[in-house]
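One gets my numbering by counting positions in the sequence shown from 1 and adding 60 to each.
All residues carry an ideal CB built from backbone N, CA and C; glycine is no exception.
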Amino acid sequence: MRIIIENNYQEMSKKAALMLASQVTLKPESVLGLATGSTPLGMYQELIEMYKHDEIDFSEVSTFNLDEYYGLSPQNKASYHYYMHHNFFKEVNIAPENIHLPDGNAKDILKECQAYEKLIDHSGGIDLQVLGIGANGHIGFNEPASKLNVKTNLVELTEETIADNSRFFAKKEDVPRKAISVGMATILKTNRIILLASGKNKARAIKETVSDYVCTEIPSTLLQTHPQVTLIIDKGAASLL
Ligand code: F6R
C-alpha cells in the first residue's frame, strides 16, 4: 500500500485528479470506478477544469459508481445519480450510455444487483477505482459487520453512517436506511485503487486501514490484500499515522 500525504484538501484533490487523468491518457477507453460523498468533490472540480482546458478527453471512458441509496429516484437531489450528474457528468464529455450507477428504485433489487455486477464484468473490469472511506472504515457502503457481501448487494446502513450522511438531507429521518453497494470482491478485483481521505475525523479509519491485520469490522483493512492501492490523504487524515 502506497501512502501519499498532501498538505490539505486541495492538494489531495489535485493529486487524485492527476492520477485519474494519467489513467485516461494512458488508456482512453478506461473503465473508472467512482465514488460520491464530500471527499471526491474537489477531484471532480479539478477534472472539470482539466477538461475545459483540453487536458483530458472522456469520450471513450466508461464509469461505474460504487453505490446508490435504496428507494431514491435519480431525480431526488440526495440521490447519487443526481450528485454525479450535477457535480461531474454534466460538465464533461462522458457518453451517457457509458455511465452506470445502480438503480436504487428498481422493482427487483436483487436482480438489479446481479445485473450491475454482470455489467461491470462485461466491461472488462475496472481499471481505476476511486474510493472514499467512512469514519467507521466502510468502503462503498460495505459497513462494519461479521460478514461482508462479496458481490453487489442491498445493504443496511449503520446508525453512524446515517448520522454522518444526514448532512445531505433535510432531516435525519429522510436518510434511507438501505443502499445498493458493490461488494468487497467487486472492489478488490479492480486493477488499481486510489483511496481519498481528508480531515481528522478520518484519521482513526486511516490508521486502521494501514494496520497489520484485516477484519470485516473495519472493511477498509481488506484493501491490504490488494496489490495496487494508493492512499491519497491530507495531513488531518494522516494525523494518527
Ligand atoms: C460514496 C461511498 C462512501 C463514501 C464515504 C465517505 O460513494 O461509497 O463510502 O466514500 O461514506 O464519505 P465522505 O466523503 O462524504 O466523507
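Would you call the CB atoms of residue i and residue j closer than 8 Å?
i: Gly-192; j: Ser-241; result: no
i: Asn-158; j: Ser-122; result: yes
i: Met-72; j: Asp-294; result: yes
i: Asn-209; j: Asn-202; result: yes
i: Asn-147; j: Leu-94; result: no
i: Leu-256; j: Val-190; result: yes
i: Ala-298; j: Ile-65; result: yes
i: Tyr-69; j: Thr-96; result: no
i: Thr-218; j: Pro-236; result: no
i: Gly-164; j: Glu-216; result: no
i: Leu-283; j: Met-61; result: yes
i: Thr-99; j: Ser-226; result: no
i: Leu-214; j: Ile-266; result: no
i: Gly-296; j: Lys-260; result: yes
Kindly indicate the opening and closing residues of the beta strand (DSSP E) around residue i.
i: Lys-238; result: 238-241
i: Ser-122; result: 122-125
i: Leu-256; result: 252-257
i: Glu-66; result: 62-66
i: Leu-94; result: 91-94
i: Leu-248; result: Run containing Leu-248: none in the beta strand (DSSP E); it sits in the alpha helix (DSSP H), 244-248.
i: Leu-283; result: Here Leu-283 belongs to no beta strand (DSSP E), and DSSP marks it neither H nor E.
i: Ile-291; result: It is worth fixing the name first, because residue 291 is Leu in this sequence and not Ile. Note, Leu-291: beta strand (DSSP E), 289-294.
CB-CB under 6 Å to residue i, same chain, minus the five flanking residues each way: which ones, in chain order?
i: Tyr-176; result: Pro-162, Thr-212
i: Ser-119; result: Asn-153
i: Ile-278; result: Gly-197, Glu-268
i: Ser-183; result: Val-91, Ser-122
i: Pro-156; result: none
i: Glu-151; result: Ile-108
Give me, in chain order, the residues of the same chain whose beta-carbon lies closer than 8 Å to that of residue i; leave out the 5 immediate sequence neighbours on both sides.
i: Asp-187; result: Gln-83, Lys-87, Ser-90, Val-91, Leu-92, Thr-250, Asn-251, Arg-252
i: Phe-229; result: Ala-138, Val-235
i: Tyr-142; result: Pro-134, Gln-135, Asn-136
i: Thr-221; result: Gly-194, Asn-196, His-198, Phe-201, Glu-203
Between which residues of its own chain and residue i is the CB-CB distance below 7 Å, once the five residues before and five after are set aside?
i: Met-110; result: Ala-77, Ala-81, Ile-116
i: Cys-275; result: Thr-281
i: Ala-166; result: Glu-172
Along the chain, where does the alpha helix (DSSP H) that runs through residue i open and close?
i: Val-84; result: 69-86
i: Ile-266; result: 263-269
> For the region 167-236, which segments carrying the alpha helix (DSSP H) assignment without a break, of at least 4 residues, lie completely within its bounds, in sequence order?
Replying inline: Here the runs fully enclosed are 169-182, 219-225.
> What are the uninterrupted segments assigned as alpha helix (DSSP H) that are 4 or more residues long and contained completely in the region 103-158, given in chain order?
Replying inline: Counting whole runs of 4 or more residues, the region 103-158 contains the alpha helix (DSSP H) stretches 140-147.
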